[in-house]
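Chains as they are written, first to last, in the numbering used here: chain G, 1 to 114; chain S, 1 to 109. The beta carbon of each residue, even a glycine, is placed where N, CA and C say it ideally should be. These numbers come from a predicted model, not from an experiment.
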Amino acid sequence: NAGVTQTPKFRILKIGQSMTLQCTQDMNHNYMYWYRQDPGMGLKLIYYSVGAGITDKGEVPNGYNVSRSTTEDFPLRLELAAPSQTSVYFCASTSPGFSTDTQYFGPGTRLTVL
Amino acid sequence: DQQVKQNSPSLSVQEGRISILNCDYTNSMFDYFLWYKKYPAEGPTFLISISSIKDKNEDGRFTVFLNKSAKHLSLHIVPSQPGDSAVYFCAAGSEKLTFGTGTRLTIIP
Numbered sequence: 001n002a003g004v005t006q007t008p009k010f011r012i013l014k015i016g017q018s019m020t021l022q023c024t025q026d027m028n029h030n031y032m033y034w035y036r037q038d039p040g041m042g043l044k045l046i047y048y049s050v051g052a053g054i055t056d057k058g059e060v061p062n063g064y065n066v067s068r069s070t071t072e073d074f075p076l077r078l079e080l081a082a083p084s085q086t087s088v089y090f091c092a093s094t095s096p097g098f099s100t101d102t103q104y105f106g107p108g109t110r111l112t113v114l
Numbered sequence: 001d002q003q004v005k006q007n008s009p010s011l012s013v014q015e016g017r018i019s020i021l022n023c024d025y026t027n028s029m030f031d032y033f034l035w036y037k038k039y040p041a042e043g044p045t046f047l048i049s050i051s052s053i054k055d056k057n058e059d060g061r062f063t064v065f066l067n068k069s070a071k072h073l074s075l076h077i078v079p080s081q082p083g084d085s086a087v088y089f090c091a092a093g094s095e096k097l098t099f100g101t102g103t104r105l106t107i108i109p
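Shown next as structure tokens:
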């Protein structure tokens, strides 16, 4: 049981490049989330999904896209990377039922845009 | 607009003593509150939670108190141990979670 896995762990992008941050969970959780954490700040919700085929915007969705074709995977896409997207990105999932139930987090992806 | 605030960026406590971490919120619609612990280079891990119908929840050395009238919650850790040194985030929500900015707790041996 690996929990929530994220790849890559680190990435440096040039301005304007695109990339996909991968997130996979093996706990059969319906709810999945993407957060970003900037230095000295809390986690801010980018996008979330309550099940396969269903996604919705969080607090800071601009510049990102998501898809949820399976229960296990919830990739986050950056189309035109900007320096403001330099951050640590965390994916999380939670058990069926309460959406605010305990969220299980991946180890994070540290992204730098230069 | 910071709906969940942790006003102390850092806290140092002697080993064996009580650590008290505080959190304030502004949205009265929040009905579920959680504390997460985060070590460097790792994702946050769930610590303890409380629903708005309670005012206290205990789990071993960790106790969370909720004061709805003051829109305030606190996490008590007693006795504090060196392994408790980490960043602690409070979070609140109904359908989605809003996180505070975190408090870095350092336990001094």
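C-alpha distance - residue i paired with residue j, whole-angstrom precision
i, j, result
"D73 (chain G)", "L21 (chain G)", "11 Å"
"V66 (chain G)", "E79 (chain G)", "11 Å"
"T24 (chain G)", "Q6 (chain G)", "7 Å"
"F62 (chain S)", "S8 (chain S)", "19 Å"
"C91 (chain G)", "F105 (chain G)", "6 Å"
"P60 (chain S)", "K9 (chain G)", "Looking at the sequence provided, one finds Gly at residue 60 (chain S) rather than Pro. Going by the C-alpha atoms only, they are around 33 Å apart."
"I54 (chain G)", "T70 (chain G)", "10 Å"
"T103 (chain S)", "S10 (chain S)", "5 Å"
"Y32 (chain S)", "S52 (chain S)", "6 Å"
"L75 (chain S)", "Y88 (chain S)", "9 Å"
"G63 (chain G)", "R77 (chain G)", "9 Å"
8 Å Cβ shell around residue i - same chain, five flanking residues per side excluded
i, result
"L114 (chain G)", "I12, L13, K14, I15, P83"
"Q14 (chain S)", "S80, I107, I108"
Own chain residues within Cβ distance below 6 Å of residue i, not counting five before or after
i, result
"C23 (chain S)", "Q6, L73, C90, G100"
"G16 (chain S)", "P79"
"R110 (chain G)", "F10, V88"
Beta-carbon proximity list for residue i, same chain, < 7 Å, skipping 5 on both sides
i, result
"P61 (chain G)", "I46, Y47"
Per-residue contacts from residue i into chain S (C-beta, under 9 Å)
i, result
"Q17 (chain G)", "Simply none; closest approach about 24 Å."
"Q103 (chain G)", "L34, Y36, P44, F46, A91, L97"
Neighbouring residues, chain G, relative to residue i (Cβ below 9 Å)
i, result
"E58 (chain S)", "Ordered by position in chain G, no residue passes the 9 Å Cβ test against E58 (chain S), which lies about 17 Å from the chain."
Contacts of residue i in chain S (Cβ-Cβ under 7 Å)
i, result
"P107 (chain G)", "E42, G43"
"L21 (chain G)", "None at all; the shortest Cβ gap to chain S is about 13 Å."
Which residues DSSP lists as bridging residue i, in chain order
i, result
"H72 (chain S)", "S:D24, S:N67"
"F62 (chain S)", "S:D59, S:I77"
"T5 (chain G)", "G:T24"
"R36 (chain G)", "G:K44, G:Y89"
Chain G contact residues for residue i, given Cβ-Cβ distances below 8 Å
i, result
"T101 (chain S)", "G40, M41, G42"
"S49 (chain S)", "T102"
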